[in-house]
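See structure below.
Number of protein chains: 2
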Amino acid sequence: MANLSIGAAAKASGVKVPTIRYYESIELLPSPPRTGSNRRTYDAGDVRRLAFIRHARELGFEVEAIRTLLKLQDEPEQPCAAADAIARDRLAEVEHRIASLQALRAELIRMVEGCSHGHVGACRVIEILADHGECAYHQGGEPAVLAGRPGG
Amino acid sequence: MANLSIGAAAKASGVKVPTIRYYESIELLPSPPRTGSNRRTYDAGDVRRLAFIRHARELGFEVEAIRTLLKLQDEPEQPCAAADAIARDRLAEVEHRIASLQALRAELIRMVEGCSHGHVGACRVIEILADHGECAYHQGGEPAVLAGRPGG
DNA sequence: GCTACATCCTCTAGCGACTAGAGGATCAAG
DNA sequence: CTTGATCCTCTAGTCGCTAGAGGATGTAGC
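Going down the list, the protein sequences come from chains A and B. Everything in the first sequence is counted per my numbering, starting at 591 for the first residue and increasing by one. Everything in the second sequence is counted per my numbering, starting at 591 for the first residue and increasing by one.
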């Protein structure tokens, strides 16, 4: 698998064409060789790198964290403590999120059930999410991953 | 707890001062009464609402989704069918998110376990993220969590 | 060869959800 | 009555894309 067009690399990696160009522009992906007519050509290694980036983004890694991981990959003699730390941070956050979402889920189920009995009544969505002032997750400060959902 | 300054409301809710003003500007938070010298004054209800918004954002809900949740809370008398639909939509979203995050969590655990005490050469972080082809997390189509960091 | 039309190129501008800073008013403490 | 924190409005910047303009090139069918 070599000399892929940007479109083929996009298909193979799952990263959109403009996003590949964007990654090149921020130097997350090296500038590939060009054809005589100035078109980018990618190989299997590029596709792998793109797939890696895509997956890492989906896991909520920031671009800077991904940059660090790629650097670690390029210099495999170094211990992977940094990569491990990044993964651990993500894991802690993901676990907290799951817990919060499960609480919200329970409340939404309660609402849907209340609805099926003819009244919305005292909706406690706000309480369920507002009342957790002391939860450890928030001591650390800023949220690491906020939504940019596919639509947004 | 009443007549809080914007700074006090920020401290109490965990939402930053400029962000509170931003939420007002996009009408996620109602414009509060002002003092004679034009300063915003908040009460306990505003703080709860802000804390709710913050939690929901941290859970990855878009502002528009939060708006519908708040509307459901604000107007408990609205026709049951409408409330039910909103709650059901959010519930579906929450459940999808939980599922995605659980798959993600499993991967992160594998990553951390594979990584511990190793070197990057043997570190599975990169392998796992690059060889993502059969990862269940991706079957669902769209990524549930993408980064839009607090600066993003 | 010629015509469609897809794909590529660069560039700029826009999005959501903030965040930072300028420039000025006001408040609370010493 | 000064000092410094906090408040006000406003504009512009951030991240990680995404969309569109305007034009060049590649490819398939006739």
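C-beta: ideal position from N, C-alpha, C; glycine also. Quantities reported herein were computed from a predicted structural model and do not represent experimental measurements.
Beta-carbon proximity check, residue i vs residue j, cutoff 7 Å
i, j, result
"residue 747 of chain B", "residue 616 of chain B", "Since the first and last residues shown for chain B are 591 and 742, residue 747 of chain B lies out of range."
"residue 595 of chain A", "residue 640 of chain A", "no"
"residue 677 of chain B", "residue 659 of chain A", "no"
"residue 649 of chain B", "residue 681 of chain A", "no"
"residue 612 of chain A", "residue 619 of chain A", "no"
"residue 633 of chain A", "residue 689 of chain A", "no"
"residue 684 of chain A", "residue 644 of chain A", "no"
Extent of the continuous alpha helix (DSSP H) to which residue i belongs
i, result
"residue 660 of chain A", "653-664"
"residue 596 of chain B", "596-603"
"residue 592 of chain B", "It is not in any alpha helix (DSSP H) - residue 592 of chain B carries neither H nor E in the DSSP assignment."
"residue 608 of chain B", "607-615"
"residue 629 of chain A", "Element bounds for residue 629 of chain A: n/a, residue is neither H nor E."
Neighbouring residues, chain A, relative to residue i (Cβ below 9 Å)
i, result
"residue 596 of chain B", "Ordered by position in chain A, no residue passes the 9 Å Cβ test against residue 596 of chain B, which lies about 18 Å from the chain."
Residue i versus the options, residue with shortest Cα-Cα distance
i, options, result
"residue 702 of chain B", "A:693, A:675 and A:686", "A:675"
"residue 642 of chain B", "B:655, B:687 and B:631", "B:655"
"residue 631 of chain A", "A:686, A:687, A:597 and A:672", "A:597"
"residue 651 of chain A", "A:679, A:694 and A:693", "A:679"
"residue 695 of chain A", "B:694, B:693, B:608 and B:687", "B:687"
"residue 637 of chain A", "A:607, A:672 and A:673", "A:607"
Where residue i meets chain A, residues with beta-carbon distance less than 8 Å
i, result
"residue 684 of chain B", "691, 694, 695 and 698"
Interface partners of residue i on chain B, CB under 7 Å
i, result
"residue 688 of chain A", "688, 691, 692 and 695"
Contacts that residue i makes with chain A (C-beta to C-beta distance below 7 Å)
i, result
"residue 681 of chain B", "695, 698, 699 and 702"
"residue 678 of chain B", "702"
Within chain B, the residues that residue i reaches when beta carbons sit closer than 8 Å
i, result
"residue 619 of chain A", "What residue 619 of chain A touches in chain B: nothing, since even the nearest Cβ is about 14 Å away."
Would you call the segment 646-659 of chain A and the segment 625-634 of chain A in contact, with 3 or more CB pairs under 8 Å? Counting Cβ pairs under 8 Å, fewer than three are found: no touch.
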